[in-house]
Structure formats: structure tokens, C-alpha cells
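Residue numbers (the working numbering), protein chains in the order written: chain A, 23 to 451; chain B, 469 to 753. Shown next, in C-alpha cells, is the structure this report addresses.
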């Protein structure tokens, strides 16, 4: 793992000068508390994840999907984490770290509202004042999450710039940080941004694959053949992949890998991006009707890091799109971009329609209503199960309660073959 | 490290007044008239903002200007065309974000990397670059391209920049340093903090002109900052406010240009006045 903030050519620290000392201070705290467990930071983090968060989350065999695809399908149930998504792993880690660093205030951006609600919960739990920036359009798409943040005592500030989604909220939060950097910690919501954020957020989320790897030994009797996770910014993706990345099937001498006395198996890793309505881009309008930066993006610099981006030929950042606001982002974590370039992670894309079908399928076959983000992973499984074999772990990154309104509207707006007939309730929603 | 002669000359006769406008705000032709008005008003150097879609270092005033300029169709190619057509005889510094510099070669069918942008900038007569999202740590490829084409690379010194970071920056800077008067993003404020004085003291041993920016909006403030030892003042938001008002009230371009020229004159005079007020011991730092 990288310690200089670079993943191949990706990563780095492309931020205004005023933020550099804060990032240096954060890097120092990351090394001491997270990597070296100084003052027992990681012990306290683990304990709070268990007691407050409800970890470990189960690795559950999905019997009906297994039968449907003639595979052993296992679900890593991050939807059962407190708050209903994997987001708490990172938010709790960072708010706790801010406390250890002596910061007095938390700020965060949010897209779907999942990171915002997780940060608001963690801030309330750890008694830290908290301000959340959220795009105006996302506020309208995710009202229940706005209420949840307010209920936990956070201040929610609407961002009206641009199209009012995640990338504008990130820019606005960076502006706040530039003015308040001495007292404030910015809890970034994904494995994006300047070093050390991508590495640190990965490490907080890596608990997902740490558990999954151990649980797979018990339930599958070894490693899974494939691991599938949806990818927007990439925090659940990196968390789900982190402890499987080295299972690349390559021969290793004992000098390379002194810890492992067993030969490394091969685990295939699939990052499922939002294909939106199309993978084509409208350069004239500056719009990419998808959020598939790993599959279609070009290298560039955004929000503090060099990574793969949806941008026009001049480098202006495109407006992305997805049915799921949590995946709706024009960039992606630099480590994922590197893992794709080195052929360790396979990027795939699933469009809005297929994701919506995945949403209904998991709800009906397994009794789990997934987040629309998560539904992309199940859309991929449906379309490509024939290419997979043996055992597959799919990360259920979040539950779908937050998405009910948009899932019903989106289902209504198109012909979804496996959707229930909701017409009798149409008036009452 | 190459030093751009035009920029060095602008600081040679005393403190410099350096105004900023976003190019293309609110449209191409009006923007040209506004930049020329700044030159008539007494600008010694002009910073031309090339609009980027995610301007993370800007406050709302300049962010809105950038949105207006992008909506008006401004692109890096149009920007270079704009500079070619501009009728001013002061050095021009381009302020933009790294992704536009990095991608310019790709937009012309080549590989990404800073060289193509810097080459084109030199060709149209740009003397220097300011890149607010490019800290010294990531700046070597751009520094090299600037050396190859004779451009200055200006860095921003924040109130929080100290020690090794300051040294790393000073090893790479040329032309002038942009001393950020206070923490936060750009934007007009009435107070000019004593952080400014401390920053100037911290930089005193470095032999490079120190231009102070962030929050300066009047000739009086300019005079006070120069009297405290600054070698130049940079004004953006206070001028962009005038452009914004012109755009929203739809008054004739000439009227807005006249107002910009008057404001520039006030700031330029404040800058000269501040130089005259300097006490000998202040002059030493």
C-alpha cells in the first residue's frame, strides 16, 4: 500500500495552499492514530463500530439468487450497519480522529444524503458541532435524509451552484474548510480528495472486506471467486475490495509475502458503475448522462487528486447523471483508477433501467430493499452471471428506504418488467 | 529559473497594482472592454482568470463570474484568442486551475501535460501563471514548462504557510508571490487582517516581490497595505462586483467600463500613495 499519497500516477494533493498545512496535519494524525494505533485510537474505533454501529455485519447466503444464477451468491450486509449503509464506517472513523486531533467542528458534503446522515449521527454520538453541505437538487431528491441530519442536530446548508449535486457540494465544503481550517475537520465522504483522504477512508471502510474474508473462510471454506460492489466515488468499493486486492492469483516467493504461507488464490473484483441513460457524452452541453468515470473517463485533476474524470476535451468537468444520487459524481477514487489501469479491478457499467430491475429483484427474491446505488451491483449480476462461476460476494452497500420515493417515480416513468403494480396507490403517495 | 522581464519591469518603479477579472464575464466583447478599462485606470499587471468549472479556491463573487463566463461560451481556446485581441500594454498573468492546463495538449490532439498550454500562453503574450490548486509539491512539471517558455510561476502564500513549505515554494516561485491576506476564499471584506503584516514579515528575507490579495476593495486599504511593506496589491472581487452589477442591471458596457476604470484609478493611486507613506524602517522589510 502506498504511503506517499500516490497510486501509480494517480492521487496527490492538488489543493489551495491554505489547506496544505491542514492536510499535512491530517496525514500526521492518520499515520499516528490509524496506522500505528497511537493512544489506542483503532481500538476505540473498533469498539464504537461494534457497540454503536452494530458490527460485524453478516455475510448471508442468498438462496434464491444462488438458485437463479446457479452460483453461490453471498451478501455482505452493510445495509444492516447503523444508519442503513456502509457510510458510518468512515464517518465514525473521521469524527473520532477529529476528536483525537483536538478539532472543534465537523463539516461534510453529501450527495445522496447517506454520508451526511452518517456524519450527523457520528457527530451527535461524539458530541461535535456539525455542518453538512448538500446540493439543492439532492435536497429535493432526498428530503428524509435532510430531516435525519437535522434531527441529529446538524446544520444543513443548501448549495445552489451548478446543478446542485455532489461535486458542487464538495467544492463548497472545501471553501468552508479553507476559511476554518485551524478549528475544523472536513469529513470527506469517499475515497476521493487529496492524500491522505483516499488511503484513510479506504482503511476505515476496509473493515467490510476484513470481515467478509474471515466470514468467507467459515461459510465458503475459502476465498470467494468474485467480489462485486457498486462504484461512485468508490468508498464501499475500496472497502469491499481492500483485503482481496492481494488475492490476485500471482505466484509469490516467501520473501514477497512473509505473512502468507498458503498460496494466494485469485479473487476477481468487479466495480459496477452507473451507466445512467447512456455511456455517450454530449460534449457541447457539457453533460455525460452517466457516472462511469472508471469505464469511460480520462485522467485529470479534480477536488485535490489526479484520477479518472468525466470531462470535456478542455478539461471542464461534465455534469454526470445517475438514477442513484450516491453514484452521481464525475470523478472516482484514485486508487480504484490505478487498480483498473493495472487490470486488478474490472470496471463495468449498468444503466438506470437495469439497476431499477435489480432493485425490484432483490426486494422480491431476498426480502431486502437495496439502495439504488447497491441495485447496480445486482443489475450486473443478472446480466453477467453466466460469465461468473463458483462463489460470489456482493456488497449490499445500503438499504433502499431513502430511495422509495424516487424508486416509485422512476418505476412509474418507464416499463419495468419485474415491478409490482402500484397504480392503486398512485394517489396516496 | 527564468524570470519574465515584463513582470520584473512592472515592479521596478515601485509597488504594483494588479487587478483581476474573469475573462468572458459576462460575454467576450464586454469582457475585453473591461480589461482594457483596467489598463487605462493604471494597472501595472493584469490577472486574467480562465474559467474552470470547479473553482474550489474562489468565494461566491468570483465563482458567479466564472459561471457567467462559462455560460457565455468561454473556453481555453477562446481565452487565448481574447488575449491576442486585447489592446493593453501591461504584462498579463493567467489565473486558472491545473486541470485546464494539464488537458490543453489533449484538446489539440496531443498528450496531456502542461507544456502545450504554457507554449500557447507564451505565444499569445502571457507573462506568468497563478494556479490556485497547484501547491509547490505538485508543481515541478509546470515549473519546467514555464522555464522552457519564459513564463513566471506565481505561488500563493497563505497565512498558514510556514517553515519547509515556504522554502519549497520559494525555490519554485518567480515573478512575484501572491500573499493571501487572510484564510478563506477570495472575496471583498472591509478588514485587512494583521495576518497580512505577519505574512510580509515572514517573507522579508525572500528576494521576490510580495503582492497582497484577498479582500482589498478601496484605495485606502491599498495604501495601508503598501505602507506596511507590500510590493503590490491584487484586487479581484471588488472589481468583479462592478461587472456583476453591470450584468444584472443590463446597463451599457461603456458605463460599466467607466466605473471599472474609476475604481482601478482609485486603487492604483492608493498603491502609489502607500509607497510615499512608507517609513524607512518599513521599507527595510
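Note that CB positions come from ideal geometry on N, CA and C, so glycine has one too.
Can you tell which of 443/A, 236/A, 234/A and 213/A has its C-alpha closest to the C-alpha of residue 225/A?
Checking every option, the nearest Cα to that of residue 225/A belongs to 213/A.
List the residues of chain A that residue 520/B touches, going by C-beta distances under 9 Å, in chain order.
Going along chain A in sequence order, the residues near residue 520/B (Cβ under 9 Å) are 337, 338 and 339.
Indicate whether at least one CB of chain A lies closer than 8 Å to the CB of residue 625/B.
Chain A, which has a Cβ nearer than 8 Å to the Cβ of residue 625/B, makes this yes.
Give me whichever residues DSSP pairs with residue 373/A in a beta bridge.
According to DSSP, which records beta bridges pairwise, residue 373/A is partnered with 298/A.
Residue 658/B to residue 576/B span [Cα, whole Å]:
Because the pLDDT of residue 658/B is 48, which lies under 50, any placement of that residue in the model is unreliable, and the number read from its coordinates should be weighed accordingly. A straight line joining the alpha-carbon of residue 658/B with that of residue 576/B spans about 44 Å.
Assigned exposure category for residue 70/A - 16 Cβ within 10 Å defines buried:
Residue environment analysis places residue 70/A among the buried positions, since at least 16 neighbouring C-beta atoms fall within 10 angstroms of its C-beta.
Which of the three DSSP states is assigned to residue 552/B in this structure?
Three-state DSSP puts residue 552/B in a helix.
Judging by CA-CA distance, which residue of 100/A, 258/A, 440/A and 245/A is the nearest neighbour of residue 271/A?
It is 245/A whose Cα lies nearest to the Cα of residue 271/A.
Closer than 8 Å between beta carbons: that is the criterion. Which residues of the segment 594-617 of chain B meet it against chain A?
Sequence-ordered contacts of the segment 594-617 of chain B with chain A read 600, 601, 602, 603, 605 and 606 [C-beta pairs closer than 8 Å].
Reduced DSSP category for residue 253/A - H, G, I as helix; E, B as strand; rest coil:
Reduced to three states, the DSSP call for residue 253/A is strand.
Quick one: measure Cβ to Cβ for residue 462/B and residue 624/B, integer angstroms, because I've assumed they're closer than 8 Å.
The structure shown does not extend to residue 462/B, since chain B is modelled only from 469 through 753, so no value can be given for it.
What residues in its chain sit with their C-beta under 6 Å from that of residue 205/A, if we drop five residues either side in the sequence?
Taking residue 205/A as the centre and dropping the five residues before and after it, the same chain places the C-beta of 126 and 127 closer than 6 Å to its C-beta, in chain order.
From residue 477/B to residue 667/B, what distance separates their C-alpha atoms?
Rounded to the nearest angstrom, the two C-alpha atoms are 24 Å apart.
Local conformation of residue 157/A per DSSP, three classes
Judged by DSSP in its simplified three-state form, residue 157/A adopts strand.
According to DSSP, which residues form a beta bridge with residue 417/A?
Answer is 98/A, bridged to residue 417/A.
Return no unless some Cβ of chain B is closer than 8 Å to the Cβ of residue 183/A.
It does: the Cβ of residue 183/A has a partner Cβ on chain B nearer than 8 Å.
Residue 672/B: CB within 7 Å of a non-hydrogen atom of the ligand HEM:
This structure lacks the ligand HEM, and indeed carries no ligand of any kind.
From this set, 124/A, 149/A, 418/A and 132/A, which residue's C-alpha is nearest residue 262/A's C-alpha?
Closest by alpha carbon: 418/A.
Using the Cα positions of residue 268/A and residue 286/A, report the straight-line distance between them to the nearest angstrom.
When rounded, the distance between both Cα atoms is 8 Å.
Against chain B, with Cβ distances strictly below 8 Å, would residue 28/A count as a contact?
So, not an interface residue.
Report the neighbours of residue 648/B on chain A: residues whose CB is nearer than 8 Å to its CB, in chain order.
Think of a sphere of 8 Å around the beta carbon of residue 648/B: the chain A residues whose beta carbon falls inside it are 39 and 40, in chain order.
May I have the straight-line CA-CA distance separating residue 321/A from residue 723/B, to the nearest angstrom?
Between the alpha carbons of residue 321/A and residue 723/B lies a gap of roughly 44 Å.
Can at least three beta-carbon pairs, one atom from the segment 169-187 of chain A and one from the segment 91-104 of chain A, be found at a separation below 8 Å?
Contact between the segment 169-187 of chain A and the segment 91-104 of chain A is not established, with fewer than three Cβ pairs separated by less than 8 Å.
Taking residue 324/A as the query, report the chain B residues whose CB atoms sit under 7 Å from its CB, ordered along the chain.
Residues of chain B passing the Cβ test: 522 and 567.
Between residue 571/B and chain A, is any beta-carbon pair separated by less than 8 Å?
So yes, residue 571/B belongs to the interface.
Measure the C-alpha to C-alpha separation of residue 545/B and residue 499/B and round it to an integer number of angstroms.
Between the alpha carbons of residue 545/B and residue 499/B lies a gap of roughly 16 Å.
Complete beta strand (DSSP E) runs within the segment 483-546 of chain B (minimum length 3 residues, chain order)
Correct list: 484-490 and 514-517.
DSSP three-state assignment for residue 675/B, whether helix, strand or coil:
In this structure, DSSP gives residue 675/B a state outside helix and strand, which the three-state scheme calls coil.
Assign residue 83/A to one of three DSSP states: helix, strand, or coil.
For residue 83/A, the three-state secondary structure derived from DSSP is strand.
Check residue 189/A in the structure and name its three-state DSSP category.
In the displayed model, residue 189/A falls within a helix according to three-state DSSP.
Under a Cβ-count criterion, where at least 16 other Cβ atoms within 10 Å of its own Cβ denotes burial, should residue 442/A be classed as buried or exposed?
Counting the other Cβ atoms within 10 Å of the Cβ of residue 442/A gives fewer than 16, which makes it exposed.
What does the alpha-carbon distance come out to for the pair residue 106/A and residue 421/A?
Going from the Cα of residue 106/A to the Cα of residue 421/A covers about 5 Å.
Cutting at 6 Å between CB atoms, please list the residues of its own chain near residue 734/B, excluding the five before and the five after it.
Excluding positions up to five away in sequence, the list reads 687.
Give the DSSP bridge partners of residue 703/B, in chain order.
Residue pairing by DSSP places residue 703/B opposite 487/B in a beta bridge.
Would you kindly work out how many angstroms separate the C-alpha atoms of residue 194/A and residue 132/A, rounded to a whole number?
The alpha-carbon atoms of residue 194/A and residue 132/A are separated by roughly 11 Å.
Within the continuous beta strand (DSSP E) that includes residue 648/B, where are the two ends?
Element bounds for residue 648/B: 645-648.
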